[in-house]
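Counted from 1, the sequence shown has number 620 at position 67 by mature numbering (1 follows the signal peptide of the UniProt record, and there is no 0); the numbering is strictly sequential.
Idealized CB from N, CA, C, for every residue including glycine.
Data first, discussion second: the structure below is written as structure tokens.
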Amino acid sequence: DAQNTEEARFRFFDPSMQAEVQQRAELEAGIRAGLERNEFTLWYQPQYDRYRTLLGLEALVRWHHPQKGLVSPAEFIPVAESTGLIIPLGEQLLEQACRQLVAWAEHPQLSQARVAVNISARQIHTPDFVERVSAILERTGAEPSRLELEVTESMLVQDVDNTIDKMRRLRRLGVRFSLDDFGTGYSSLIFLKQLPLDKLKIDQGFVFELLTDANDAAIVRAIVALGQNLELAVIAEGVETLEHCHTLEAMGCHEYQGYFFSKPLPAAELEQWLITSAPTPARP
Ligand code: C2E
Ligand code: MG
Ligand code: MG
Ligand code: MG
Numbered sequence: 554d555a556q557n558t559e560e561a562r563f564r565f566f567d568p569s570m571q572a573e574v575q576q577r578a579e580l581e582a583g584i585r586a587g588l589e590r591n592e593f594t595l596w597y598q599p600q601y602d603r604y605r606t607l608l609g610l611e612a613l614v615r616w617h618h619p620q621k622g623l624v625s626p627a628e629f630i631p632v633a634e635s636t637g638l639i640i641p642l643g644e645q646l647l648e649q650a651c652r653q654l655v656a657w658a659e660h661p662q663l664s665q666a667r668v669a670v671n672i673s674a675r676q677i678h679t680p681d682f683v684e685r686v687s688a689i690l691e692r693t694g695a696e697p698s699r700l701e702l703e704v705t706e707s708m709l710v711q712d713v714d715n716t717i718d719k720m721r722r723l724r725r726l727g728v729r730f731s732l733d734d735f736g737t738g739y740s741s742l743i744f745l746k747q748l749p750l751d752k753l754k755i756d757q758g759f760v761f762e763l764l765t766d767a768n769d770a771a772i773v774r775a776i777v778a779l780g781q782n783l784e785l786a787v788i789a790e791g792v793e794t795l796e797h798c799h800t801l802e803a804m805g806c807h808e809y810q811g812y813f814f815s816k817p818l819p820a821a822e823l824e825q826w827l828i829t830s831a832p833t834p835a836r837p
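Quick look at the structure:
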């Protein structure tokens, strides 16, 4: 009716909304240009087991914007997703990660480490996702079993059978899958059981206050038990202190990622960090 039309008109001309629309449009143009100018790079954050053996590295995108400097993924990944630009961006990043794997193939500490790459919903739902990943593996010569793909529950509930089929096909090549931000989604355990996964990543939101919040502690214990029963590895993210490490270890969680070890670093800095500051393995 007339009043709603009037309302809609005012809402449409709401200056703060208009500013938001414009900001998104600028961001979209910026991402497009950034893709052409290779402004996106991956930083790497190490993952350790309880013996301080380096297991892998999570690849996290950073945008070196010509004016704004370093832009965090939280600011541009949502826009990249809604515009579909995440597809070319994700492809570029996956290729970078695979090239890095090849570059590290002879590295004394990194030759066995896996690289974990975050995959967006839009990416995994492209019809030729498996072919694209396979082509990148072939083009770069990266060892598929050293590539891990991080997916989230919310992206798997859509088009389940097809997605499971894609995951199976990639796993047959040796690629592994971990479920990121686990515990923040809403999927049932029956659904979880169906997924061809290798690892659960406990969301950092449950880890930060693990020592003082009994509910967080109960959730972490439950995730660890679930992982054991489903024969999945369990890694905690957001591990910031030695106490976090010890508490997680006592709960049966044996893999850790977080600022306690290192923040994400550019590849060259990570290599340097491994020489000067990395924890030394303490196998019993
Ligand atoms: P995520 O995949 O859950 O990554 C973990 C985030 O937690 C990273 O933030 C990491 O820097 C941060 N983090 C790690 N350890 C700690 C810690 O001990 N304490 C605290 N406070 N934070 C910690 P980042 O790099 O800003 O990435 C944020 C999110 O952006 C990622 O969450 C992921 O969802 C997305 N993202 C990052 N890189 C990519 C990418 O290449 N592709 C896609 N599709 N998404 C990405
Ligand atoms: Mg992740
Ligand atoms: Mg996460
Ligand atoms: Mg997260």
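Does any heavy atom of ligand 6 sit closer than 6 Å to the C-beta of D733?
Here the bound small molecules are ligand 1, ligand 2, ligand 3 and ligand 4; ligand 6 is not part of this structure.
Can you look up I755 in the DSSP assignment and give me helix, strand or coil?
Residue mapping note: residue 755 aligns to position 202 of the sequence shown, counting from 1. Three-state result, I755: strand.
Can you tell me the Cβ-Cβ gap for V760 and I776, rounded? I've got them flagged as a contact below 8 Å.
As a working note, residue 760 is residue 207 in the sequence shown. As a working note, residue 776 is residue 223 in the sequence shown. In fact, because the Cβ distance is near 11 Å, the residues do not count as touching under 8 Å.
Should the segment 623 to 633 be regarded as contacting the segment 676 to 693, the criterion being three or more beta carbon pairs within less than 8 Å?
With the cut-off at 8 Å, the segment 623 to 633 and the segment 676 to 693 do not touch.
Strictly by DSSP, which residues pair up with R577?
Here the question's residue 577 lines up with position 24 in the sequence shown. In the DSSP output, where bridge partners are listed per residue, R577 has none listed.
Out of I717, L742, L726, state which residue places its alpha-carbon closest to the alpha-carbon of T688.
Counting from 1 along the sequence shown, the entry for residue 688 is found at position 135. The sequence shown places Ala at residue 688, not Thr. Comparing Cα positions, the closest option is L726.
Here's the rule: buried if 16 or more other CB atoms are within 10 angstroms of the residue's CB, otherwise exposed. What is I743?
Numbered from its first residue, the sequence shown carries residue 743 at position 190. Label assigned to I743: exposed.
Along the chain, where does the alpha helix (DSSP H) containing D714 start, and where does it finish?
The residue given as residue 714 occupies position 161 in the sequence shown. It spans 713 to 726 - the alpha helix (DSSP H) in which D714 sits, taken as one unbroken run.
With contact counted as at least three CB pairs below 8 Å, one residue from each stretch, are the segment 820 to 830 and the segment 793 to 800 in contact?
Result no; under three Cβ-Cβ pairs closer than 8 Å.
Where are the alpha helix (DSSP H) runs, 4 residues long or more, that stay fully inside the segment 606 to 661, in chain order?
Listed in chain order, they are 626 to 636, 639 to 656.
With a cut-off of 8 Å, do at least 3 Cβ pairs link the segment 814 to 821 to the segment 588 to 600?
Counting Cβ pairs under 8 Å, three or more are found: they touch.
Go to N782, then tell me how far its alpha helix (DSSP H) extends in each direction, as first and last residue.
Position 229 of the sequence shown, counted from the start, is the residue given in the question as residue 782. 767 to 782 is the span of the alpha helix (DSSP H), which, as asked, contains N782.
Given 8 Å as the limit, is there contact between the segment 796 to 812 and the segment 567 to 577, that is, 3 or more CB pairs closer than that?
No, because fewer than three Cβ pairs between the segment 796 to 812 and the segment 567 to 577 fall closer than 8 Å, the two stretches do not touch.
I need the boundaries of the alpha helix (DSSP H) containing V686, first residue and last residue.
Translated into the one-based positions of the sequence shown, residue 686 becomes position 133. It spans 682 to 693 - the alpha helix (DSSP H) in which V686 sits, taken as one unbroken run.
Is it the case that the CB of E701 approaches a heavy atom of ligand 3 more closely than 6 Å?
Within the sequence shown, numbered from 1, the residue matching residue 701 stands at position 148. No - ligand 3 has no heavy atom lying nearer than 6 Å to the Cβ of E701.
By how many angstroms is the C-alpha of L732 removed from the C-alpha of A778?
Stepping through the sequence shown from its first residue, residue 778 is reached at position 225. Stepping through the sequence shown from its first residue, residue 732 is reached at position 179. Cα to Cα, the separation comes out at about 16 Å.
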